[in-house]
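**Student:**
There are 2 protein chains.
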Amino acid sequence: MEQFDFNLERVIKIIKDKDCRKAGLQFPEGLKRQAINVAALLEEKTGTKVIISGNPCFGACDVDLTLAGRVDILFHFGHAKIGEYDNVVFIEARSDIDVTPAVKKALEMLKNDRIGLITTVQHVHKLEEVSLFLRENGKESVIGKGDLRTCYPGQVLGCNFSAARIDCDEYLYIGGGIFHPLGVAIATRKRVIAADPYMNRAVEVAPEKFLRKRSGYIAKAMDAEVFGIIVSSKSGQHRMELALRLREMANKHSKKGYIVLMDLVTPEQLLAFKADAYVNTACPRITIDDAERFHVPVLTPQEFEVVMGEKEWGNAGMDEILEEK
Amino acid sequence: MEQFDFNLERVIKIIKDKDCRKAGLQFPEGLKRQAINVAALLEEKTGTKVIISGNPCFGACDVDLTLAGRVDILFHFGHAKIGEYDNVVFIEARSDIDVTPAVKKALEMLKNDRIGLITTVQHVHKLEEVSLFLRENGKESVIGKGDLRTCYPGQVLGCNFSAARIDCDEYLYIGGGIFHPLGVAIATRKRVIAADPYMNRAVEVAPEKFLRKRSGYIAKAMDAEVFGIIVSSKSGQHRMELALRLREMANKHSKKGYIVLMDLVTPEQLLAFKADAYVNTACPRITIDDAERFHVPVLTPQEFEVVMGEKEWGNAGMDEILEEK
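Chains as they are written, first to last, in the working numbering: chain X, 1 to 325; chain Z, 1001 to 1325.
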């Protein structure tokens, strides 16, 4: 079974060194079951009083600032750092799963010589090993640096494919799920092979079906008169300026746009309002992952520009939150 | 159909008088469908830029402070004021529904002469009319003042029955739903007749079945070793001191208590943690209304005291958030 190394010795050392009386713990959904055990260990080893964040958490863009304001130090587990905070320490999760078997399968599917390597933070420490393996098999690998929102070369986020913007012929993605490699394929318009160490398989990403679905939502939103423009209040998802620009754009085209400020964006919550369609400036993954659960079309900012006639069909691309150097 | 009077003329006047450039609107779930229409009207009449709160809202204890921090003024609709804020105006909803037919039915069920009148803020302006009607029919009515958390004589909240702590023989509750009259019956141990103007009927509240169910949860929690102690970060639900006291109590009885700080408390969110049972210091209604949806027992603070042997069975009563004068 996959194990994550949280480096709790480091956490204990920080609490002791800083003499923290109150410590906050924040875990993403998949790791929350460990929260009480980690709290028990830290209280026992350091004497600090722990408060656990019970709020949903899906990324480093979602630091529990309320909890951070109530403790001496907040440990945010599972994600690489996004943003600067006085008293928040990001404790990344590093998976010990062996990626080589899936990469071997991917090797047979690679058609070109210059391969861009991309992954998520859980496997970022394995990229060097993958690079060596490719070289032994006659492939050159390229690893992009990414922008300020990412922490490691080759690291991509669901909202940031900057590390994939490099000179290469095609990509090899290492990790689970299809969202990240799909995003890279759409953002770069190049071929992406996804090597999944959990399923021990490799697949070529096929973005056409996805893009057809998105076109369907764009087409449906063409008749909308009233748009809800969603803005997230989460630490790393707040794009109010973009939202205000989209509202101006709606007005210019004789449509109505209303700014809706939310913490967690859910299909249930949008049901409450009487809008014909929404534009989501919060986490880009919500737009995609929950698409079929929304009662009206929910568009990316770029798709909204297509609806307003300000961008050409087929040029919507992926919504990204970039932090350029 | 029931109409709510929001007194939007007053809202417009406040925006104009204070020359507010940005105004926030917060509606409870049942009124959110009006949000965009109200936003459109206010923007048209005053030129202010509106931001709508998209977060769930179930009471005046739940002011969207994030939104309040981003606007010149926040209008919180539907609830009577709880708490003091620099830039929040509470716009109560007053129902125009006729309560007399249901009160007539209730009259036949009243057994005593001295009747305590209780209601929610939507119908609080009808209490005088009900009082007159009772007097014409040979009944004396008493209306309690309530504590600092309530705004009007006779007004009860789901978490505050202070207005019912008066010298009377039995109670007449006017309003929809069974939660408030049930709470009054349990908190006062007196007979409560509920006159529901929506269903046009009157019923005697029977708390026995409810109390049996709660005893079941108490019994189930007796074997629990690890308790999650839920604290809400919402403006009017934050009871950290109580939570810390309960944690001490758990430790005293060789049990473990871990503080979990949350905004919205949902059964789904508690599923993520490995606790044997929970104590909820957030909104008391959540404990009751969602009881059957929780995967482990979730207790009120008073029920937890029963489990710890610090309170006698049958004395748990209702959990209330009181603000005594």
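Where is the CB? At the ideal position from N, CA and C, for every residue including glycine.
All of these numbers come straight from a predicted model, not from anything done at the bench.
Mapping the DSSP letters down to three states, classify PHE330(X) as helix, strand or coil.
**Tutor:** Given a span of 1 to 325 for chain X in the structure shown, any question on residue 330(X) remains unanswerable.
**Student:** Would you kindly work out how many angstroms separate the C-alpha atoms of SER232(X) and PRO267(X), rounded to a whole number?
**Tutor:** Whole-angstrom Cα-Cα distance: 14 angstroms.
**Student:** Please name the residue, chosen from ALA23(X), LYS32(X), PHE58(X), that lies closest to LYS45(X) on a Cα-to-Cα basis.
**Tutor:** Cα-wise, what sits closest to LYS45(X) is ALA23(X).
**Student:** Span of the alpha helix (DSSP H) holding LYS105(X)?
**Tutor:** That run of the alpha helix (DSSP H) goes 100-107.
**Student:** Which residue comes first and which comes last in the alpha helix (DSSP H) that contains GLY1183(Z)?
**Tutor:** 1179-1188 is the extent of the alpha helix (DSSP H) around GLY1183(Z).
**Student:** Do you know offhand how far PHE27(X)'s Cα is from CYS57(X)'s?
**Tutor:** The straight-line gap from Cα to Cα measures roughly 7 angstroms.
**Student:** If you compare alpha carbons, which of GLU140(X), PHE161(X), VAL99(X), ALA187(X) is closest to GLY176(X)?
**Tutor:** Considering only alpha carbons, the answer is VAL99(X).
**Student:** Bridge partners of LYS1049(Z), per DSSP?
**Tutor:** LYS1022(Z), per the DSSP bridge assignment.
**Student:** Mind pulling the chain Z residues with CB within less than 7 angstroms of ILE51(X)?
**Tutor:** Result: ILE1259, LEU1261.
**Student:** Between THR66(X) and chain Z, is the shortest Cβ-Cβ distance under 7 angstroms, so that the two count as touching?
**Tutor:** Chain Z, which has a Cβ nearer than 7 angstroms to the Cβ of THR66(X), makes this yes.
**Student:** Compute the Euclidean distance between the alpha carbons of SER388(X) and CYS1020(Z), then round it to the nearest angstrom.
**Tutor:** In the structure displayed, chain X extends from 1 to 325; residue 388(X) sits before or after that span and is not available.
**Student:** Could you list which residues in chain X have their beta carbon closer than 9 angstroms to that of ILE1230(Z), in chain order?
**Tutor:** GLY54, listed in chain order.
**Student:** At least one CB of chain Z closer than 7 angstroms to the CB of PHE77(X): is that the case?
**Tutor:** No - not a single Cβ of chain Z is within 7 angstroms of the one on PHE77(X).
**Student:** What residues of chain Z sit near GLN269(X), judged by a beta carbon separation below 7 angstroms?
**Tutor:** Those within 7 angstroms of GLN269(X) in chain Z are GLY1054, PRO1056.
**Student:** Tell me whether ASP289(X) sits in a helix, a strand or coil according to DSSP, three-state version.
**Tutor:** The answer is helix: DSSP assigns ASP289(X) an H, G or I state.
**Student:** Taking a cut of 7 angstroms between CB atoms, which residues from the segment 1011-1038 of chain Z lie near chain X?
**Tutor:** The residues in question are GLU1029, LYS1032, ARG1033, ALA1035, ILE1036.
**Student:** Determine, using beta carbons only, whether LYS1274(Z) comes closer than 7 angstroms to chain X.
**Tutor:** Output row for LYS1274(Z): interface = yes.
**Student:** For the segment 154-168 of chain X against the segment 182-196 of chain X, do three or more pairs of beta-carbon atoms, one drawn from each stretch, fall closer than 8 angstroms, so that the two count as touching?
**Tutor:** As far as the Cβ criterion goes, the segment 154-168 of chain X touches the segment 182-196 of chain X, which means the pair count is three or higher.
**Student:** With 16 other CB atoms within 10 Å as the buried threshold, where does LEU261(X) fall?
**Tutor:** When all chains shown are included, LEU261(X) counts as buried.
**Student:** Which residues in chain X sit within 9 angstroms of VAL1089(Z), going by Cβ to Cβ distance?
**Tutor:** Chain X residues near VAL1089(Z): none, gap ~18 angstroms exceeds 9 angstroms.
**Student:** Residues in the segment 1214-1242 of chain Z with C-beta within 9 angstroms of chain X's C-beta atoms, listed in sequence order?
**Tutor:** Answer set for the segment 1214-1242 of chain Z: VAL1226, GLY1228, ILE1230, VAL1231, SER1233, MET1240.
**Student:** Suppose the cutoff is 8 angstroms on Cβ atoms and the five residues either side in sequence are ignored; what does the same chain contact list for ALA68(X) look like?
**Tutor:** Cβ within range, chain order: GLY24, LEU74, TYR85, ASN87, VAL88.
**Student:** Could you tell me the boundaries of the alpha helix (DSSP H) in which ALA219(X) lies?
**Tutor:** Counting along the chain, the alpha helix (DSSP H) containing ALA219(X) begins and ends at 208-221.
**Student:** Determine contact between the segment 278-289 of chain X and the segment 1007-1019 of chain Z, defined as no fewer than three beta-carbon pairs at a distance below 8 angstroms.
**Tutor:** No contact exists between the segment 278-289 of chain X and the segment 1007-1019 of chain Z.
**Student:** Among ARG1293(Z), LEU1107(Z), LYS1081(Z), which residue has its Cα nearest to the Cα of TYR1152(Z)?
**Tutor:** Nearest C-alpha to TYR1152(Z): LYS1081(Z).
**Student:** From ASP1005(Z), GLY1144(Z), GLY1146(Z), ALA1106(Z), pick the residue whose C-alpha is nearest to that of LEU1134(Z); which is it?
**Tutor:** Checked all of ASP1005(Z), GLY1144(Z), GLY1146(Z), ALA1106(Z); the closest Cα to LEU1134(Z) is ALA1106(Z).
**Student:** Less than 7 angstroms separating the beta-carbons of GLY1144(Z) and ILE1178(Z)?
**Tutor:** Not in contact: GLY1144(Z) and ILE1178(Z) (Cβ atoms no closer than 7 angstroms).
**Student:** Have a look at GLY257(X) and ILE1036(Z) and give me their C-alpha separation to the nearest angstrom.
**Tutor:** Each residue's alpha carbon lies about 10 angstroms from the other.
**Student:** Which residue's Cα is closest to the Cα of TYR1171(Z): GLN1237(Z), LYS1111(Z), THR1048(Z)?
**Tutor:** Minimum Cα distance to TYR1171(Z) is reached at LYS1111(Z).
**Student:** Write down the C-beta distance between VAL1156(Z) and HIS1180(Z) rounded to the nearest angstrom, noting that I regard them as a contact closer than 8 angstroms.
**Tutor:** With 8 angstroms as the limit, VAL1156(Z) and HIS1180(Z) qualify as a contact, their Cβ atoms being about 5 angstroms apart.
**Student:** With a cut-off of 8 angstroms on the beta carbons, I'd call ILE218(X) and GLU305(X) a contact; round off their distance for me.
**Tutor:** Not confirmed; about 10 angstroms, so no contact.
**Student:** Hey, LEU1343(Z) and GLY1154(Z): beta-carbon distance below 7 angstroms or not?
**Tutor:** Since the first residue of chain Z shown is 1001 and the last is 1325, residue 1343(Z) is not available in this structure.
**Student:** Below 8 angstroms on the Cβ atoms is my contact criterion, and I expect ARG1239(Z) with ALA272(X) to pass it. Report the Cβ-Cβ distance as a whole number of Å.
**Tutor:** Going by Cβ atoms, the distance from ARG1239(Z) to ALA272(X) rounds to 28 angstroms, so no, they are not a contact pair.
**Student:** Any idea what DSSP makes of GLU170(X), helix, strand or coil?
**Tutor:** Residue state, collapsed to three classes: strand.
**Student:** How should LYS234(X) be labelled, buried or exposed, when 16 other C-beta atoms within 10 angstroms of its C-beta is the threshold for buried?
**Tutor:** The residue in question, LYS234(X), is buried, as its Cβ has 16 or more Cβ neighbours within 10 Å.
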